[in-house]
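Heads up, the sequence shown stops at 508 in our numbering, and the numbers go up one at a time, no gaps. Beta carbons: idealized from backbone N, C-alpha and C, even for Gly. Here the structure is a predicted model, which is why all the values come from computation and not from measurement. These notes concern the structure reproduced below.
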Amino acid sequence: MNTSATTVVSAPGKVLICGGYLVLDSAYSGLVVGTDSRFYSAVTSSKRSGKEGRRVVVNSPQFDGGRWEYILDNEGRLVPIPGADNKIDRNKYVQYALQLTLSVAANLDQDFDAHFGELLEIVIVGHNDFYSQRPQLDSKNLPVTTASLKSLTPFCPTLTTIANVHKTGLGSSAAMITSLVASLLVHFQAISIQTGSSDEKDIQFTHNMAQFVHCLAQGKVGSGFDVSSAIFGSHLYRRFDPELISGLMARCESVGIERVTANEILEVVRDKMWDSQVQRVQLPPGVRLMLADVDAGSSTPKLVSGVLGWRKANPNEADSLWKELDKENMAVANTLMKISQVALENEVAYQAALAVCSTSVSSAWSTSDSEIVRLFGKVNACFSNVRSLLRKMSQLAKVPIEPESQTRLLDTISQLAGVVMSGVPGAGGFDAIFTLVIENPASKDGTNAAAVENIWKHWTESNVGPLLAGASNGGVECVKLEDVDGLSRFF
């Protein structure tokens, strides 16, 4: 494969640290943090395929059977090609993204045929943290530690199929679709994405397109915070009106996506009525996001349906609790933003505050002489209220948002020096936790993070394994193939 004209676009994963459930309602916002674990989609055009017709070949080399081939016919329809066993293995997320985005690209790119060539080759990979690496570590007789995870090859095989892989909850489908949609739009010159100088219209267009494709592939209009994070990185998110895309989704399901015209799609994704709200946020300097995969299953759809069922049956009770929860969520977000601003205005005082926080437990911060330390104490206190309200909602809805086993783990972590907050991300459940921790800026030895991981390692009530992912402010971006460690081996 000639990689000289390869287009590579990456999109980050996500962690919703405040606003679970509430982000489903446009009256409320959620605080989502983008991760440095990313998905990459690389697109290359070739003049000769050696076969009849224009072909699209998609490789997802981390999975068994992760290869799909299509013919793009003269009508612009994507026709799956059967595999060696004469069976068609459909990947709805990939196929929908390809069909709909290529249709739009053909409409917007006057030189679409020339840019396509005869063969379009696409490689899609995600950082290891998107999937549980326990099978890989078991195969190598390695313990579940950060050191073991760092020893694995980037984009290593999952040793299973896409259908059977254990995900870690970082938003793999949203990051994958966002990177794939964006890479195709960039490759066919429908948009331009340049780090730090992208046209906001192009970014918003890509967001709208990725939201539509993702919702259609899922078969429902979700909150959209995961795609929004894949586009914008860390931010405060308020959802868009589902009615913006519900009509087009119904038409796609009625006549088939291949019969929906590019103009119909563009009419929706270019609609100025898209009303999602994004307020850029970043964690304060020196505050580290730590993530862990808990080897216990939770079904997010079941959790969500349980909570929404309770809310529908008890609207007054639910609305009162949600307003209270939103107040605490926003206090966490606004105080973190205030701390970030103070860090810019007075670096000396901020570094001194980090030194205090990193060597003491959060219960001592609220009485400190330092305003900055007290602000960190406020974040901790408000998030403690968030957790309390989530547990109350768990009881009322009879849904395990913060199960007792998770509560005991989170309470233990929260008693460590430097821990700002620790909770269950998103919809909660048994399968993941996050922690925000401060390290001593003078030592930079990772002592506090090591203490958190030590709790995970020796926790007997559940099997807790670290992830390598941390927080990242960046959203969707174009990158060079050679700049991504481990990516070039797939070409």
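Annotation: P152 to G440 spans about 26 Å, alpha carbon to alpha carbon. Per DSSP, the continuous beta strand (DSSP E) segment holding G47 begins and ends at G47 to S63. Sorting V142, G82, L342 and K355 by C-alpha distance to the C-alpha of T170 places V142 at the top. For V304, same chain residues with a beta-carbon under 7 Å away, outside a window of 5 residues either side, are V437, L453 and I455 in chain order. Boundaries of the alpha helix (DSSP H) harbouring F400: E388 to A414, taken from the DSSP string. Ranked by Cα distance from Y113, the options E275, L485 and F393 are led by E275. Scanning its chain for C-beta atoms nearer than 7 Å, with the 5 sequence neighbours on each side dropped, one finds around C35 the residues G47, L48, N346, V349, A350 and V403, in chain order. The beta carbons of S63 and G134 sit closer together than 7 Å. As DSSP reads the structure, I141 sits in a beta bridge with S58. Take the alpha-carbon of D216 and the one of E478: they are about 49 Å apart. Here V182 is near Y148, since their CB atoms are less than 7 Å apart. Straight-line spacing of the CA atoms in H132 and S405 works out to 55 Å. Taking N480 as reference, the option from V496, C495 and I450 with the minimal CA-CA separation is I450. Within the stretch 187 to 226, the complete alpha helix (DSSP H) segments of 4 residues or longer fall at 189 to 204, listed in chain order.
As summarised for the stretch 245 to 320, the continuous alpha helix (DSSP H) elements at least 4 residues long and confined to that stretch are 260 to 272 and 279 to 286, given in chain order.
Taking C-alpha positions only, R71 is separated from A180 by approximately 28 Å. Nearest to S322 by C-alpha distance, out of F80, A444, D386 and L159, is A444. Residue ranges of uninterrupted beta strand (DSSP E) with 3 or more members, entirely inside the stretch 105 to 165 and ordered along the chain, are 136 to 143. Within a 10 Å sphere around the beta-carbon of T278 sit fewer than 16 other beta-carbons, which makes this residue exposed. Assigned with DSSP and collapsed to three states, S375 falls in helix. Cβ atoms of L201 and V60 come within 8 Å of each other, at about 6 Å. Between the C-alpha atoms of V73 and F257 there is a straight-line separation of about 33 Å. For R71, the enclosing beta strand (DSSP E) starts and ends at R71 to N76. For the 7 Å CB-CB criterion, F56 and A199 do not form a contact. The beta carbon of S505 sits closer than 7 Å to the beta carbons of L498 and E499 from its chain, once the five residues preceding and following it are set aside; these are given in chain order.
Close CB contacts of C399 within its chain, under the 6 Å cut and outside five residues either way in sequence, are with E345, A348 and V349 (chain order).
In the structure shown, W473 falls within a helical segment according to DSSP collapsed to helix, strand and coil. Residue pairing by DSSP places T452 opposite M307 and S439 in a beta bridge.
A distance of 7 Å or more separates the beta carbons of I220 and V121.
Spanning the alpha carbons of T464 and I430 requires a straight line of approximately 14 Å.
In its chain, beyond the 5 residues on either side, L95, I274 and E275 have a beta carbon closer than 7 Å to the beta carbon of Q116. Judged by DSSP in its simplified three-state form, Y367 adopts helix. Using a Cβ distance threshold of 7 Å, A370 and S357 do not count as a contacting pair. For A360, there is no enclosing beta strand (DSSP E); the enclosing alpha helix (DSSP H) covers residues P332 to E362. Contact between the stretch 420 to 428 and the stretch 377 to 392 is absent: fewer than three C-beta pairs spanning the two stretches fall below 8 Å.
Here DSSP, grouped into helix, strand and coil, assigns G492 to coil.
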